[in-house]
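In what follows, a single structure is set out as structure tokens and then discussed.
2 protein chains.
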Amino acid sequence: MSHEGLLDDLQTALARRDEDAIQEACARLNPVDIADFLCEQEAIGQGDLAVRLILSMSVTRRAEIFGRLSEPAQRSLASQLPPETLAELVAAMPHDERADLFNVLDESARHDVLKRLAHTEREDLRHLASYKEGTAGAIMTSDYASLPASITVAEAIGVLRNTAPDKETIYQCYVVNGNHYLLGTLSLRDLILAPASSSIDDLMVRDMVTATVDTSQEAVTRKIARYDLLALPITDDGGRLVGIVTYDDAMDVAEAEATEDIHKSATVGKLRRPIGQAGLGVLYRSRISWLVMLVFANILTGAGITHFEETIAAHLSLLFFMPLLIASAGNAGAQASTLMVRGMATGEVVGRDWLRLLGKEILVAGALGITMAVAVMVIGVARTGFDIAMVVAMTMVIVVLMGSLVGLTLPFILDKLDIDPATSSVPLITTVADVGGVVVYFSIATAVLGL
Amino acid sequence: MSHEGLLDDLQTALARRDEDAIQEACARLNPVDIADFLCEQEAIGQGDLAVRLILSMSVTRRAEIFGRLSEPAQRSLASQLPPETLAELVAAMPHDERADLFNVLDESARHDVLKRLAHTEREDLRHLASYKEGTAGAIMTSDYASLPASITVAEAIGVLRNTAPDKETIYQCYVVNGNHYLLGTLSLRDLILAPASSSIDDLMVRDMVTATVDTSQEAVTRKIARYDLLALPITDDGGRLVGIVTYDDAMDVAEAEATEDIHKSATVGKLRRPIGQAGLGVLYRSRISWLVMLVFANILTGAGITHFEETIAAHLSLLFFMPLLIASAGNAGAQASTLMVRGMATGEVVGRDWLRLLGKEILVAGALGITMAVAVMVIGVARTGFDIAMVVAMTMVIVVLMGSLVGLTLPFILDKLDIDPATSSVPLITTVADVGGVVVYFSIATAVLGL
């Protein structure tokens, strides 16, 4: 049966309070699909039904599912669970997910959970929950597999076999000394292939890719993707291993980062829920501030036009070409800016590339501008005669160059100012290009055609 | 030493033709960094140096690196290798990467390679290389670990130990019957935890996530990310296992897809090389067609303005607010369109959500429009008096609603027409909003203010 079919069964079973059928559907569904179902129920105000489903599961199953819920769903559903059940759930969750959940809880729920946990669990949770959002520390997990360097392959496989159920992954192992200083890494594949009596010390890889707890999540994700890692070891400043970030968490970060960058490119603020589940107020707030700011920025364009009112009154046909010229500047700028912002996000373009890319952009934008000038010249001559057509063509080359250079340069300037270059959004570039386009167009027109 | 330091050493060693130093630097560098170095050398016209470096490596090392080169670098460097070396290289590469390389080679090089391969290798290569670009078949690999259902855990571990060096991953195993029909999956972790005498048949997971060779790469990537898979099994239409797609290839696909979507959002066409390495001609071609198309589209806006020339001549101060109104329509539209396009790309929004989202968007855009109308009303009264301010405020509400609804709807229409919704780019939405904005603004102005 497809998972849609199973979800329908689950819904029916819940409505009928048929515990056996609930168990049966839950057992066959993937935890990911159950988590999605719970989020939907919570979003449409059926939180009590979601809580009933959670309580009917085993602790293990519950722990698998809870970390996959959206933050608002976690907060809402956790507040409806009895304190003992919540503490039991937290204890059973993977270390990174329970730290995230902990950060979502309110003060009194945190207190309830902490006092019910064993001492080492409590310390581990406090520690993981203390890292700043956006850093490697905040997404790493402390349930990794570590090995001493002095044992043999056979002994190491024994260690892994005994500890496997508690570890996020055993496919990549980390070799540490008595002070937990990271010495090397070893894959389970290499362990299985090696003779049973070889020593870990001889076998481990010493040239490793690592990051520290303060490394940004984007940089961690880029390393995992670039070097095809299953997990990236995270050390403190002293080189001691404190956690790992696994590839699946990196994929989630990469998707969230891409979404945030894409939203920023259209001046949409950060959304914590998927668009389908986000409330009206959240959507309004994520969009209004930039829109109002751009209204005020566009007054400059209006003022530019008003400044040239006499020229316009004398040659009203100039208005025909105005939208086309300022849109072209904005469009070319949007292209250049988007290419740069994405290049910087993927790490392909860095600050010192600016001059080289500027040279390239002048040539490309020049060629684009000339092509577009030719296209517009044809229309211009047919419609308004040679004089205005010449003004329009000259303006086109200049504004396309100008828009492109602004689009190319703004992301670098923002990056230097420690502002995310993705803030150099298409609407912002378009607004800048509008002002410049109007001034250039009517200045040339005034000079060539007179008043 | 950092990898930049090692790369400098390598460069010096190559210039001096010091084979020992070349070997030493190569051994310590990550294959990914060597591949990047080779791509750069090729891009700056130092292909002979790159070829020299490749020839000085062992076949294994060469095979590790070659699949990570960009397509143009692969094509150029492969054409400079002796035919026997190229065939030897192809034979040593992972199955998916060699199929990609094969597709990059010219006809005669393909022929040279094929005649030097063993029969089964040749068939496998032909088979993998025959799948359509963009499908699961084109990115899957045939070197997966498979097990019969009838053996025990101890026997299975023996099988994996013997075949591990040839397999892309042994952490996820696939249980097949005599006809290679996929029966279930089994992780190495579960194998290692299970008693040695249990049977694979009892242990394997039968409820699996799978895809077929025709599934799109985006859908494959979404499944791997959603269900946190190490690899996704790919079957033919008959349910026979023919390959797997691993998480690291899925991460590459996801990044390439995100880049393509982001570029499309600013009307930039597909680039096969990173922006820093792309040539002038490629960059020009990726940008010119949409720019010229939008020039012609913007003529409509110009025609709109010209149509209302009399109204404008009578009330020149209307021009002051024109940029602001049409930009606001475009900006609100850009936000709505970007939210929808990204939601569709991540699978969060599907076609049947349109009506529900439309209702939400009308409320949100209405609130946005009213807020912006209030902001602009204040400026309007101060600058031009109550009448024009009223016209401007009314226009603002209408054009923001209009822009938002166009931005929301266009992606759904394009999707229905089987065009990538990402084509609903910000510049396109802006252009549509410009035309509509001009017509609405001057129509209201003509009605309220007269001629």
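So the sequence lines, in the order shown, correspond to chains Y and X.
Numbering follows UniProt numbering, with no gaps: position 182 of the first sequence is 182.
Numbering follows UniProt numbering, with no gaps: position 310 of the second sequence is 310.
Here a beta-carbon is modelled for each residue, glycine too, at the ideal position from N, C-alpha and C.
In the DSSP assignment, find the unbroken beta strand (DSSP E) run with Val-245 of chain Y in it and report its ends.
The residue given as residue 245 of chain Y occupies position 245 in the first sequence. It spans 241–246 - the beta strand (DSSP E) in which Val-245 of chain Y sits, taken as one unbroken run.
Where does Thr-135 of chain X sit, in a helix, a strand or coil, going by DSSP?
Your numbering for residue 135 of chain X matches position 135 in the second sequence. Thr-135 of chain X falls in the strand class under three-state DSSP.
Please give the ranges of any alpha helix (DSSP H) in the segment 246–276 of chain X, keeping only runs that are unbroken, at least 4 residues long and fully inside the region.
247–265
Using a Cβ-Cβ cut-off of 6 Å (strictly less than) and excluding sequence neighbours within five positions of Phe-412 of chain Y, which residues of its own chain qualify?
Taking the first sequence and counting its residues from 1, one reaches residue 412 of chain Y at position 412. The answer, listed in chain order, is Trp-354.
Determine, using beta carbons only, whether Gly-302 of chain Y comes closer than 8 Å to chain X.
Residue mapping note: residue 302 of chain Y aligns to position 302 of the first sequence, counting from 1. So yes, Gly-302 of chain Y belongs to the interface.
Using a Cβ-Cβ cutoff of less than 8 Å, which residues in the same chain neighbour Val-59 of chain X once the five nearest sequence positions on both sides are dropped?
Within the second sequence, numbered from 1, the residue matching residue 59 of chain X stands at position 59. If we look at Val-59 of chain X and ignore the five residues flanking it on each side, its Cβ neighbours are Glu-88, Leu-89 and Ala-92.
Need the endpoints of the alpha helix (DSSP H) that Gly-330 of chain Y sits in, please.
Within the first sequence, residue 330 of chain Y is the residue found at index 330, counting from 1. Here the alpha helix (DSSP H) through Gly-330 of chain Y covers 318–345.
Could you tell me if Gly-134 of chain X is buried or exposed, where buried requires 16 or more neighbouring beta carbons within 10 angstroms of its beta carbon?
By 1-based counting over the second sequence, the position of residue 134 of chain X is 134. Result: exposed.
Return the residue from the list Y:Ile-224, Y:Arg-62, Y:Lys-167 and Y:Glu-155 that minimises the CA-CA distance to Ser-198 of chain Y.
Position 198 of the first sequence, counted from the start, is the residue given in the question as residue 198 of chain Y. Ser-198 of chain Y has its Cα closest to that of Y:Glu-155, out of Y:Ile-224, Y:Arg-62, Y:Lys-167 and Y:Glu-155.
Using the Cα positions of Asp-236 of chain Y and Ile-370 of chain X, report the straight-line distance between them to the nearest angstrom.
If you number the first sequence from 1, residue 236 of chain Y lands on position 236. If you number the second sequence from 1, residue 370 of chain X lands on position 370. Those two C-alpha atoms are separated by around 51 Å.
What residue from X:Met-322, X:Leu-230 and X:Leu-291 has the CA that sits closest to Thr-306 of chain Y's CA?
As a working mapping, residue 306 of chain Y is identified with position 306 in the first sequence. Among X:Met-322, X:Leu-230 and X:Leu-291, the Cα nearest to that of Thr-306 of chain Y is on X:Met-322.
Work out the CA separation of Ile-429 of chain X and Thr-301 of chain X for me, nearest whole Å.
Residue numbering aside, residue 301 of chain X sits at position 301 when the second sequence is read from its first letter. Residue numbering aside, residue 429 of chain X sits at position 429 when the second sequence is read from its first letter. Each residue's Cα considered, the two are about 13 Å apart.
Can you confirm whether the segment 400–408 of chain Y touches the segment 261–273 of chain Y when touching is taken to mean that 3 or more C-beta pairs between the two stretches lie within less than 8 Å?
no
Nearest chain Y C-beta to Met-204 of chain X closer than 8 Å, yes or no?
If you number the second sequence from 1, residue 204 of chain X lands on position 204. By this cut-off, Met-204 of chain X is not an interface position.
Considering only their Cβ atoms, is the gap separating Leu-188 of chain X from Ile-170 of chain X smaller than 8 Å?
Counting from 1 along the second sequence, the entry for residue 170 of chain X is found at position 170. Counting from 1 along the second sequence, the entry for residue 188 of chain X is found at position 188. Yes, the pair counts as a contact, with Cβ atoms nearer than the cut-off.
Provide the residue(s) that pair with Gln-172 of chain Y in DSSP beta bridges, ordered along the chain.
Translated into positions along the first sequence, residue 172 of chain Y becomes position 172. Per DSSP, Y:Ser-187.
How is the beta strand (DSSP E) around Thr-235 of chain Y delimited, first residue to last?
Against the first sequence, residue 235 of chain Y aligns to sequence position 235. Its beta strand (DSSP E) spans residues 231–235.
Out of Y:Ala-393, Y:Gly-385, Y:Lys-360 and Y:Ala-389, which has the shortest C-alpha to C-alpha gap to Thr-409 of chain Y?
Position 409 of the first sequence, counted from the first residue, corresponds to residue 409 of chain Y. Among Y:Ala-393, Y:Gly-385, Y:Lys-360 and Y:Ala-389, the Cα nearest to that of Thr-409 of chain Y is on Y:Lys-360.
If you pair each beta-carbon of the segment 364–379 of chain Y with each one of the segment 282–300 of chain Y, do three or more pairs fall below 8 Å?
no
For the candidate residues X:Gln-74, X:Met-390, X:Tyr-181 and X:Leu-339, whose alpha-carbon lies nearest to that of Thr-421 of chain X?
Mapped onto the second sequence, residue 421 of chain X falls at position 421. It is worth fixing the name first, because residue 421 of chain X is Pro in this sequence and not Thr. When each option's Cα is compared against that of Pro-421 of chain X, the closest is X:Leu-339.
What does Asp-353 of chain Y touch in chain X if you count any residue whose Cβ is under 7 Å from its own?
The sequence position of residue 353 of chain Y within the first sequence is 353, counting from 1. Neighbours of Asp-353 of chain Y on chain X, chain order: Gly-276.
Using a Cβ-Cβ cut-off of less than 9 Å, give me the residues of the segment 236–247 of chain X that come near chain Y, in sequence order.
Closer than 9 Å at the C-beta level to chain Y, one finds these residues of the segment 236–247 of chain X: Thr-246 and Tyr-247.
For Ala-78 of chain Y, report the span of its alpha helix (DSSP H) as first-last.
Sequence index remark: in the first sequence, residue 78 of chain Y carries index 78 (1-based). Taken as a continuous stretch (DSSP letters only), the alpha helix (DSSP H) holding Ala-78 of chain Y covers 71–79.
Go ahead and label Ala-334 of chain X buried or exposed: buried means 16 or more other beta carbons lie within 10 angstroms of its beta carbon, across all protein chains shown.
Taking the second sequence and counting its residues from 1, one reaches residue 334 of chain X at position 334. Classification of Ala-334 of chain X: buried, given that the 10 Å Cβ count is 16 or more.
Following the continuous alpha helix (DSSP H) through Pro-148 of chain Y, name the residue where it begins and the one where it ends.
Here residue 148 of chain Y refers to the residue found at position 148 of the first sequence. Pro-148 of chain Y -> not in any alpha helix (DSSP H); beta strand (DSSP E) instead, spanning 145–148.
Confirm, please, whether the CB-CB distance from Tyr-144 of chain X to Glu-168 of chain X is below 8 Å.
Position 168 of the second sequence holds residue 168 of chain X. Position 144 of the second sequence holds residue 144 of chain X. In contact: Glu-168 of chain X and Tyr-144 of chain X (Cβ atoms closer than 8 Å).
At what residue ranges does the segment 352–398 of chain Y contain a whole run of the beta strand (DSSP E), taking only runs of 3 or more?
none
Run through chain Y and tell me which residues come within less than 8 Å of Glu-309 of chain X, C-beta to C-beta.
Residue 309 of chain X sits at position 309 when you count from the first residue of the second sequence. Those are Leu-316 and Leu-319, listed as they occur along chain Y.
Identify the contact partners of Asp-228 of chain X in chain Y, using a Cβ-Cβ distance below 7 Å as the criterion.
Counting from 1 along the second sequence, the entry for residue 228 of chain X is found at position 228. In chain order: Asp-248.
Over the uninterrupted alpha helix (DSSP H) stretch that includes Phe-102 of chain Y, give me the two end residues.
What you label residue 102 of chain Y is simply residue 102 of the first sequence in a count that begins at 1. Note, Phe-102 of chain Y: alpha helix (DSSP H), 95–104.
Among the residues of its own chain, which have a CB less than 7 Å from the CB of Thr-431 of chain Y, if the five just before and after it don't count?
The sequence position of residue 431 of chain Y within the first sequence is 431, counting from 1. Sequence-distant Cβ neighbours of Thr-431 of chain Y in its own chain, meaning closer than 7 Å and more than five residues away, are Leu-294, Ala-297 and Asn-298.
Would Met-204 of chain X and Leu-229 of chain X be called neighbours here (beta carbons separated by less than 8 Å)?
Counted from its first residue, the second sequence places residue 204 of chain X at position 204. Counted from its first residue, the second sequence places residue 229 of chain X at position 229. Not closer than 8 Å, so no.
Is the Cβ of Tyr-171 of chain X closer than 8 Å to any Cβ of chain Y?
For the purposes of this step, residue 171 of chain X is taken as residue 171 along the second sequence, with counting starting at 1. So, interface residue.
Quick check: the segment 213–228 of chain Y against the segment 156–164 of chain Y, are there 3 or more CB pairs under 8 Å?
no
In chain Y, which residues lie less than 7 Å from Thr-431 of chain X when you measure between Cβ atoms?
Looking up residue 431 of chain X in the second sequence gives position 431. Residues of chain Y passing the Cβ test: Ala-327.
Could you round the C-beta distance between Gly-243 of chain X and Ser-130 of chain X to whole angstroms and report it? I think they count as a contact, below 8 Å.
Counting from one through the second sequence, the residue named residue 243 of chain X turns up at place 243. Counting from one through the second sequence, the residue named residue 130 of chain X turns up at place 130. Actually they do not touch by this definition, with Cβ atoms about 12 Å apart.
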